[in-house]
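Residue numbers (full-length UniProt numbering), protein chains in the order written: chain A, 1 to 342; chain B, 1 to 342. For glycine and all other residues, C-beta sits at the position ideal for the given N, C-alpha and C.
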């Protein structure tokens, strides 16, 4: 939390996107015999997955175990995992805004807030719990494409051919996300991350017109309740606009040098990232060299939260992830006040 | 060709990546009853597809009908289309450089050069024919992943865990690509494009170490035989390094504003691009507005070749593609000499 505020720290803090996941035997054990949705909606199990990953890895924050598209259910979308998320009734050209419910009662996501409370109880006081949600664009993409997409043809066609409907739909999503994140903070999260996992498929003009206003609206309303990490992946050319949308911390993916990315978003902002995730499939000396290169790029500037540039992947060796945590703690920077960098 | 050399032109020239493809009824007709590989290897049919697309659309250049991974066959890789390209014997950790043949005789790709000669005969003298090949990185990715990939885990793991083998393999690919492109130019192409369709999955440090030397080696050797368009997609942060690798023209994808991208690669270089391809699924007024925005970003500077930011897609309306050609010809810039922009 000090790094979020760009205050001096003893060493660079880190957590790892998707740190509680399939690559961990502890997770596989907890999840056994449950479908993914059953698991997400069971606060006891989701809390256990959250806590055990934090403990096993020794990272400096817990991240809520949940998934991005579940917030679409109370908006009227049918969600299934096959095993990736699939929407039964995608929102397409020809749909109207009345096909989507307004999220009046965020209590419909109560299982998530129950998980937050359970995790918070089991977590040491000095370890923050990070909540999260998909950004309006990324959730719109799930709802419109209906499943994984390579070219985002349905999403972009709706944007270009029905821009008013796009904005109505994105506003509705933005209002739901805002309520959802504030409720996570109220339930006990110290910080929340917005995942714009798919906005990298856009050029800057499209991002400015179709993404930025809705993302900005969410962040403006959530920030007074707790700090926001605004994470974008897939296109470094969008970083200045992503920073314009707001967030106490900007999450960087691995496609940009951390030093360059930090410059692009401005040194008056904390950043998170950005080790190439596939490096964790390599041997330990490579992991060490690459992690140090990320730390070097941060140059001891206050406000760096170490993370991968995207999530940890199934099949990765948990020992490599643990080794990364030790490397960052050992070689991380004891940073001074921001004023030393003025 | 004047635009390639940044000389004054009467209006912005254009061609369209994958202009001869499945979206065209003329292509479907020519291709009927043939597998994709049979079609590629039949110079009469491949030439007809090349020529008919050029004529139907009225674009300013023909692009050879061929596919990127076919050059892998004479290197010893088994190639099949299911319907995307699949390699029977992918190159992986544990493979040795002896598992890959050195391309001694480029005549093994003779069907491509026969196609070039046939197209050149059927093409008006003032219409250039563009040849092409995959860049060393993109071909290595095909050979290593063996099929489409989301995270390039095998590619990156081989890079990180066996860097010497990576460089040996990439050098071998670079030598084959060099011979292949020079032979295309010798057979009658006026220009060639290198497609780095997948390098956008890398960060700048990886690109500098693992991609740039091999790409540079190809371009240095091919350029004296004819101009090279160096096209990269997926990561605008790589553009300065892509320009460093060389090429008379740098191809820009849609993830960056053309004006910004041109600045990044330097105004002493021609650029190609970069309309968001999915715009062609929208209605004509949108296509017109967006095409004009790209032309505006070029600002009449000499050395702009209009293109999409990536290839045209199956299912697109051929009338929209034809309309784009007319829009660009009508609204394109009569450019002056480069010295006016000094």
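Where does residue i sit, in a helix, a strand or coil, going by DSSP?
i                      : result
residue 294 of chain A : helix
residue 230 of chain A : strand
residue 14 of chain B  : strand
residue 423 of chain B : Not covered by the structure: residue 423 of chain B. The range shown for chain B is 1 to 342.
residue 195 of chain B : strand
residue 85 of chain A  : strand
residue 79 of chain A  : strand
residue 95 of chain B  : strand
residue 320 of chain B : helix
residue 24 of chain A  : coil
residue 178 of chain A : helix
residue 186 of chain B : helix
residue 313 of chain A : coil
residue 289 of chain B : helix
residue 215 of chain A : helix
residue 159 of chain A : helix
I need the straight-line Cα distance from residue i to residue j, nearest angstrom please.
i                      : j                      : result
residue 282 of chain B : residue 178 of chain A : 31 Å
residue 310 of chain B : residue 43 of chain A  : 45 Å
residue 161 of chain A : residue 127 of chain A : 47 Å
residue 224 of chain A : residue 141 of chain A : 27 Å
residue 290 of chain A : residue 22 of chain B  : 43 Å
residue 207 of chain A : residue 29 of chain A  : 41 Å
residue 221 of chain A : residue 181 of chain A : 10 Å
residue 292 of chain B : residue 125 of chain B : 29 Å
residue 267 of chain A : residue 230 of chain A : 15 Å
residue 5 of chain A   : residue 191 of chain A : 11 Å
residue 153 of chain B : residue 205 of chain B : 17 Å
residue 258 of chain B : residue 94 of chain B  : 43 Å
residue 122 of chain A : residue 70 of chain B  : 57 Å
residue 171 of chain A : residue 101 of chain A : 12 Å
residue 248 of chain B : residue 305 of chain A : 41 Å
residue 54 of chain B  : residue 61 of chain B  : 7 Å
residue 307 of chain B : residue 109 of chain B : 28 Å
residue 97 of chain B  : residue 173 of chain B : 11 Å
residue 169 of chain A : residue 145 of chain A : 14 Å
residue 341 of chain A : residue 1 of chain A   : 20 Å
residue 151 of chain B : residue 334 of chain B : 43 Å
residue 107 of chain A : residue 330 of chain B : 57 Å
residue 50 of chain B  : residue 33 of chain B  : 18 Å
residue 99 of chain A  : residue 105 of chain A : 18 Å
Taking a contact to mean a Cβ-Cβ separation below 9 Å, would you say residue i touches residue j in this structure?
i                      : j                      : result
residue 320 of chain A : residue 275 of chain A : no
residue 367 of chain A : residue 199 of chain A : Since the first and last residues shown for chain A are 1 and 342, residue 367 of chain A lies out of range.
residue 344 of chain B : residue 279 of chain B : Within the shown structure, residues of chain B are numbered from 1 to 342, placing residue 344 of chain B beyond reach of any answer.
residue 52 of chain B  : residue 3 of chain B   : no
residue 202 of chain A : residue 246 of chain A : no
residue 219 of chain B : residue 132 of chain B : no
residue 236 of chain A : residue 236 of chain B : yes
residue 295 of chain B : residue 325 of chain B : no
residue 156 of chain A : residue 47 of chain A  : no
residue 11 of chain A  : residue 332 of chain A : yes
residue 175 of chain A : residue 103 of chain A : yes
residue 312 of chain B : residue 120 of chain B : no
Using C-beta distances below 6 Å, list every residue in its chain close to residue i, excluding the 5 sequence neighbours before and after it, in chain order.
i                      : result
residue 39 of chain B  : 31, 45
residue 345 of chain A : Nothing can be reported for residue 345 of chain A: it is not among the residues displayed for chain A, which extend from 1 to 342.
residue 262 of chain B : 271
residue 164 of chain B : none
residue 254 of chain A : 274, 276, 309
residue 115 of chain B : 43, 46, 47
residue 41 of chain B  : 111
Within its chain, find whatever has a CB closer than 7 Å to the CB of residue i; leave out the 5 residues flanking it on each side and keep chain order.
i                      : result
residue 143 of chain A : 72, 77, 87, 90, 91
residue 315 of chain B : 23
residue 195 of chain B : 68, 132, 134, 135, 138, 231
residue 212 of chain B : 241, 244, 245
Which residues share a DSSP beta bridge with residue i?
i                      : result
residue 271 of chain B : B:250, B:304
residue 63 of chain A  : A:130
residue 201 of chain B : In the DSSP output, where bridge partners are listed per residue, residue 201 of chain B has none listed.
Please return the same chain residues whose Cβ sits closer than 8 Å to the Cβ of residue i, not counting the five positions on each side in sequence.
i                      : result
residue 239 of chain A : 232, 250, 252, 256, 261, 264, 265
residue 81 of chain A  : 35, 36, 37
residue 56 of chain B  : 24, 26, 318, 322
residue 159 of chain B : 166, 206, 210
residue 286 of chain B : 279
residue 130 of chain B : 15, 61, 62, 63, 64, 189, 190, 191, 192, 193, 229
residue 300 of chain B : 333, 334, 335, 336
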